[in-house]
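Residues 0 to 117 (numbering that gives the first Met the number 0) make up the sequence shown, in order.
By construction, the Cβ of each residue, glycine as well, lies at the ideal position given by its N, Cα and C atoms.
Working notes, structure below.
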Amino acid sequence: MTHAAQRRLLLVGRDLHEAERLKRLLPAWVGIAHAPSQALRALDRADVVLLEDRNWPSLEDEALAEMRERSASRRLALILSRRRGEASEPAAVPVVERPYVIEEIVAAMRLALLRRRR
């Protein structure tokens, strides 16, 4: 496997402060999309997608369904992002908490990429 510095991470979410922090600190190319519908065009260019697990507006349902389908068929390395301490359902993909810890993101990227390749 190549190093994280050679990976392309697409962050999908509204926490712009955390997104900019990741761009500065993560040893990877980081793209930012503010909504799942904006991210669809960039999915094929990203190695990993980090998606905020939140209540998105219903306008995003189709884009979210596409991401779920790609992840389930292992064509998309997906990581969910939740606020630290937030209660939620168990996920079939790696989950990291915000505010982000860089080492957790790198480990989740590796896990998501391994899951995608199986």
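### Task
Measure the alpha-carbon distance for residue 0 versus residue 54 and round it to whole angstroms.
Because the pLDDT of residue 0 is 45, which lies under 50, any placement of that residue in the model is unreliable, and the question is left without a value.
### Task
To the nearest angstrom, report how far apart residue 83 and residue 39 are at their CA atoms.
Straight-line Cα distance between these residues: approximately 27 Å.
### Task
Leaving aside the five residues before and after residue 65 along the sequence, list all residues of the same chain whose C-beta is less than 7 Å from its C-beta, in chain order.
Excluding positions up to five away in sequence, the list reads 39.
### Query
Can you give the beta carbon distance from residue 47 to residue 78, rounded, assuming they're within the 8 Å contact cut?
At roughly 6 Å, the Cβ-Cβ gap stays under 8 Å, so residue 47 and residue 78 are in contact.
### Query
Using 8 Å as the Cβ pair cut-off and three pairs as the minimum, do the segment 20–28 and the segment 56–63 touch?
No, the segment 20–28 is not in contact with the segment 56–63.
### Query
Can you give the Cα-Cα distance for residue 67 and residue 102, rounded to whole angstroms?
Computed Cα separation, rounded: 25 Å.
### Query
Among all the DSSP beta bridges, which residues are the ones paired with residue 78?
In DSSP, residue 78 forms a bridge with 49.
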